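Counting in numbering that gives the first Met the number 0, the sequence shown runs without a single skipped number right up to 665 at its last residue.
A short write-up of the structure that comes next.
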Amino acid sequence: MTFDRKDLSNDQLLAFYRSILYPRMIEEKMLILLRQGKISKWFSGIGQEAIAVGATLALQPDEWIMPLHRNLGVFTTRNMPLSGLFRQWQGAQEGYSKGRERSFHFGNREHHICGMISHLGPQLAIADGVSLAYKLRQEQKVSLAFTGEGGTSEGDFHEALNVAAVWDLPVIFLIENNGYGLSTPTDEQYRCISLVDKARGYGMEGVQIDGNNLLTVYDTIRGVRDYCIKNKKPFLIEAQTFRMRGHEEASGTKYVPSSLFDLWEKKDPVKNFEAFLVQAGVLDEAAVTAIRDEFRHTIETELELAGQVAPVVADTQAEIADVYAPVPAAGNTIDNSAPGFVPEGSRELRLIDAIKEGLHQSMQQQEKLVLMGQDIAGYGGAFKITDGFLAEFGKDRVRNTPLCESAILGAALGLSLEGFKSMVEMQFSDFVSVGFNQIVNNLAKIHYRWGQNADVVVRMPSGGGVGAGPFHSQSTEAWFVHTPGLKVVYPSTPMDAKGLMIAAINDPNPVLFFEHKALYRSISGAVPEEYYEIEIGKARLVQEGSDLSVITYGSGVHWVTEYAELHPGVSIDILDLRSLLPLDYEAIRASVERTGKVIVLHEDSLTGGIGGEIAAWIAEHCFDKLDAPVLRCASLDTPIPFSIELEKNYMANARLGGMVDRLLSY
Ligand SMILES: Cc1ncc(C[n+]2csc(CCOP(=O)(O)OP(=O)(O)O)c2C)c(N)n1
Numbered sequence: 000m001t002f003d004r005k006d007l008s009n010d011q012l013l014a015f016y017r018s019i020l021y022p023r024m025i026e027e028k029m030l031i032l033l034r035q036g037k038i039s040k041w042f043s044g045i046g047q048e049a050i051a052v053g054a055t056l057a058l059q060p061d062e063w064i065m066p067l068h069r070n071l072g073v074f075t076t077r078n079m080p081l082s083g084l085f086r087q088w089q090g091a092q093e094g095y096s097k098g099r100e101r102s103f104h105f106g107n108r109e110h111h112i113c114g115m116i117s118h119l120g121p122q123l124a125i126a127d128g129v130s131l132a133y134k135l136r137q138e139q140k141v142s143l144a145f146t147g148e149g150g151t152s153e154g155d156f157h158e159a160l161n162v163a164a165v166w167d168l169p170v171i172f173l174i175e176n177n178g179y180g181l182s183t184p185t186d187e188q189y190r191c192i193s194l195v196d197k198a199r200g201y202g203m204e205g206v207q208i209d210g211n212n213l214l215t216v217y218d219t220i221r222g223v224r225d226y227c228i229k230n231k232k233p234f235l236i237e238a239q240t241f242r243m244r245g246h247e248e249a250s251g252t253k254y255v256p257s258s259l260f261d262l263w264e265k266k267d268p269v270k271n272f273e274a275f276l277v278q279a280g281v282l283d284e285a286a287v288t289a290i291r292d293e294f295r296h297t298i299e300t301e302l303e304l305a306g307q308v309a310p311v312v313a314d315t316q317a318e319i320a321d322v323y324a325p326v327p328a329a330g331n332t333i334d335n336s337a338p339g340f341v342p343e344g345s346r347e348l349r350l351i352d353a354i355k356e357g358l359h360q361s362m363q364q365q366e367k368l369v370l371m372g373q374d375i376a377g378y379g380g381a382f383k384i385t386d387g388f389l390a391e392f393g394k395d396r397v398r399n400t401p402l403c404e405s406a407i408l409g410a411a412l413g414l415s416l417e418g419f420k421s422m423v424e425m426q427f428s429d430f431v432s433v434g435f436n437q438i439v440n441n442l443a444k445i446h447y448r449w450g451q452n453a454d455v456v457v458r459m460p461s462g463g464g465v466g467a468g469p470f471h472s473q474s475t476e477a478w479f480v481h482t483p484g485l486k487v488v489y490p491s492t493p494m495d496a497k498g499l500m501i502a503a504i505n506d507p508n509p510v511l512f513f514e515h516k517a518l519y520r521s522i523s524g525a526v527p528e529e530y531y532e533i534e535i536g537k538a539r540l541v542q543e544g545s546d547l548s549v550i551t552y553g554s555g556v557h558w559v560t561e562y563a564e565l566h567p568g569v570s571i572d573i574l575d576l577r578s579l580l581p582l583d584y585e586a587i588r589a590s591v592e593r594t595g596k597v598i599v600l601h602e603d604s605l606t607g608g609i610g611g612e613i614a615a616w617i618a619e620h621c622f623d624k625l626d627a628p629v630l631r632c633a634s635l636d637t638p639i640p641f642s643i644e645l646e647k648n649y650m651a652n653a654r655l656g657g658m659v660d661r662l663l664s665y
């Protein structure tokens with residue numbers, strides 16, 4: 000292995016040596032601790048250190064890195080205290096994730112390291128978002144995301160590179176090609192000759208390098224960093240290396256031919272660099288011994304320090320409290336939760352116009368709000384909600400996206416790391432399924448895992464009644480209500496839609512904002528002109544009644560209101576939930592207490608719908624107030640069909656009258 004020191008001074012080379020030796024020695028110690036049962040298993044980076052260390056050395060300390068599971072060298076080179084890392088690996092509450100995450104699946108704002116989720120690929124698009132933030136602020140910075148060669152087979156890789164290329168983002172994508180996925184060799188992973196050849200397909204530059212040569216990695220990434228900043232473009236690097244241990248400690252290496260170990264042992268990144276420094280006269284044997292002794296001592300001291308922690312004590316309140324970022328005190332909040340409330344200064348707007356107004360005023364109020372979605376710029380969005388926004392707010396903040404929901408949601412999280420807010424429009428809520436992972440695993444869990452918030456609103460044009468068939472009509476809210484860390488709102492009136500939109504944008508947590516497409520232009524109502532919030536998590540009593548309660552949201556509110564108008568003899572207590580996560584249990588209880596008979600009504604299919612959850616809660620908490628079983632009126636357990644007649648039959652509304660009669664007969 001030949002090293003080219005270029006203009007690096009002896010002191011710099013010495014510092015580099017310390018940076019690459021330290022993670023190696025830590026892992027060697029960890030292997031002993033693992034055998035002693037004192038540490039949980041992790042994914043070894045032995046043999047690959049030059050990549051993590053070289054990349055981190057080449058970046059500025061305040062540039063975000065998205066490392067993966069083998070990148071201890073990123074954490075050590077960013078000078079994270081080893082005692083903290085040991086606590087993390089031990090699952091201590093004083094660790095970086097309060098005992099909630101394993102090995103390297105955590106991040107830290109102070110060190111500008113974004114923690115991975117196990118799914119690997121989602122890291123890449125977060126780097127897009129961070130770089131977009133740099134670009135919007137005209138900062139001379141890059142972000143850098145790691146992937147293994149296995150991870151390049153994930154759709155996330157493709158989407159993230161494509162977005163970075165199309166948006167001209169200064170992102171460095173760094174492939175660590177270590178020859179194997181878990182046990183899968185490269186010829187079962189991809190067919191191209193070199194992964195770096197993929198760069199050209201995305202319209203970006205790329206280079207393949209020796210990933211075991213620290214100076215090559217450092218020098219390349221330093222140059223690439225300059226290129227990305229100067230040209231405002233992404234760059235792909237494929238670093239060739241080898242995994243000298245099993246996929247994880249304990250999984251063994253039987254599937255790897257021993258000849259490969261012999262070959263790569265000769266290319267050991269630490270030993271080779273050390274030999275070069277000795278040969279160049281930067282180090283001598285005494286210095287090597289002294290540094291190793293110093294590190295041994297530091298590791299022991301830090302380990303000792305790490306051990307001085309209290310045993311984990313589960314505190315349920317603390318666990319629950321950390322799922323969501325604290326919400327700042329709301330400004331102007333309108334409480335319209337009582338029936339018939341119409342604030343002064345209101346005028347009649349359609350649901351769609353109220354949503355638009357909420358979004359528009361938010362764009363005026365929040366300079367750091369960025370809108371992203373397919374066709375939302377010049378075209379104004381599939382439903383024209385953002386029509387005119389491009390001209391007013393410019394293309395930096397109103398962004399057409401390529402067709403890649405997952406990458407855009409990941410980019411939204413990246414923007415959030417840099418203090419931006421974003422709204423991502425799903426063209427139809429059905430398409431959120433291809434961005435599902437980013438929402439339920441990244442956005443939803445990140446605050447609980449390492450205290451980072453995801454300041455993202457996902458707009459979800461949803462629901463049927465428009466004859467649009469199985470993939471443009473679904474009710475997808477239940478997919479998300481099951482996921483702690485998300486908020487789910489579903490307004491049914493224009494006044495609520497505007498206020499909840501503003502509240503969702505002001506909320507630092509990920510909010511899924513459902514908009515019923517069939518109500519967009521069919522429902523009008525009073526909407527105040529001012530900038531106001533409606534509290535997330537508070538239901539609205541549409542009308543008070545005494546015979547039975549219908550607890551519902553979205554289209555259900557209009558179905559039951561219409562039913563009530565046609566049946567004045569039945570006194571119906573109608574509760575519009577407005578928020579599905581969190582739910583307003585007190586309002587539900589109050590309604591049950593008023594009537595003792597309850598139908599939970601929703602357009603979503605029956606099984607696994609939120610109606611089941613509400614019915615269970617009522618049975619558990621209001622049993623003594625009930626005069627009849629809680630009924631669920633929901634749509635059929637079939638996909639939603641296209642033909643109008645079939646769709647009508649699918650809809651819960653078709654069965655509402657029968658359910659009311661059944662309940663009243665108790
Ligand atoms: C979406 C997903 N599928 C499967 C896995 C299980 N898994 C964990 S690591 C790994 C191999 C990853 O290979 P590569 O990207 O080359 O990284 P390496 O582990 O070799 O560093 C697999 C299959 C996972 N974590 N995520």
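Beta carbons are placed, not taken as given, at the ideal position from N, Cα and C, and that holds for glycine.
Since the model is a prediction, treat every value here as computed from it, not as a measurement.
Fully enclosed beta strand (DSSP E) runs of no fewer than 3 residues are not present anywhere in the stretch 57-107. Annotated three-state conformation of L414 is helix, per DSSP.
Taken atom to atom, the span from the alpha-carbon of G344 to that of V369 is near 29 Å. CA-to-CA, the gap between A305 and L33 works out to about 15 Å. Those residues placing their Cβ nearer than 7 Å to any heavy atom of ligand 1 are, following chain order, F42, L67, H68, R69, S117, H118, L119, G120, T146, G147, E148, G149, G150, E153, E175, N177, Y179, G180, L181, R242, H246. Annotation for Q87: G94, Y95, S96, E100, S102, F105 place their beta carbon closer than 8 Å to its own, counting only its chain and skipping 5 residues before and after. Within the same chain, and ignoring the five residues on either side of I192 in sequence, no residue has its Cβ closer than 6 Å to its Cβ. The closest CA to that of T594, considering only E602, D572, D186, is found on D572. Beta-bridge pairing by DSSP links Y179 to P184. Every beta strand (DSSP E) stretch that sits fully inside the stretch 366-421 and reaches 3 residues is listed by chain position as 368-372, 397-399. For C632, the uninterrupted beta strand (DSSP E) segment begins and ends at 630-634. Every alpha helix (DSSP H) of 4 residues or more that sits fully in the stretch 242-268 is shown, in chain order, as 257-264.
The stretch 521-539 and the stretch 561-572 do not touch, with fewer than three beta-carbon pairs separated by less than 8 Å. No Cβ-Cβ contact shorter than 8 Å links G90 with G83. For the pair L262 and N212, the Cα-to-Cα distance works out to about 15 Å. Shown here, I613 sits in a helix according to DSSP, grouped into three states. A direct Cα-to-Cα measurement between Q542 and L600 gives close to 16 Å. The beta carbon of I407 sits closer than 6 Å to the beta carbons of M371, T400, V423 from its chain, once the five residues preceding and following it are set aside; these are given in chain order. Between the alpha carbons of S361 and G379 lies a distance of about 17 Å. Judged by DSSP secondary structure, R588 falls within the alpha helix (DSSP H) whose first and last residues are 584-594. Scanning its chain for C-beta atoms nearer than 7 Å, with the 5 sequence neighbours on each side dropped, one finds around V195 the residues G205, V206, Q207, L235, E237, in chain order. DSSP lists V170 as the bridge partner or partners of S142. In the same chain as F427, and ignoring 5 residues on each side of it, the C-beta atoms closer than 7 Å to its own belong to P460, H471, in chain order. The three-state reading of DSSP puts V465 in coil, since its state is none of H, G, I, E or B. According to the DSSP secondary-structure assignment, E204 is paired through a beta bridge with F234. Only residues of its own chain outside the window of five on either side were considered, and among them I598, L630, C632 have a CB closer than 7 Å to the CB of M658, listed in chain order. Contact between the stretch 442-460 and the stretch 504-516 is established, with three or more Cβ pairs separated by less than 8 Å.
G53 has no beta-bridge partner at all, per DSSP. T332 has E532 as its beta-bridge partners, per DSSP. Judged by their CB atoms, L580 and K486 are nearer to each other than the 8 Å cut-off.
By the criterion of at least three beta-carbon pairs nearer than 8 Å, the stretch 148-167 is not in contact with the stretch 214-227. Annotation for S361: the continuous alpha helix (DSSP H) segment containing it runs 350-364. Of the other Cβ atoms in all chains shown, fewer than 16 fall within 10 Å of the Cβ of H481; this residue is therefore exposed. Remark: C-beta atoms of V465 and K497 do not approach each other more closely than 8 Å. The residues V269, E273, I290, R291, F294, in chain order, have a CB closer than 8 Å to that of L20 in the same chain once the five nearest residues on each side in sequence are set aside.
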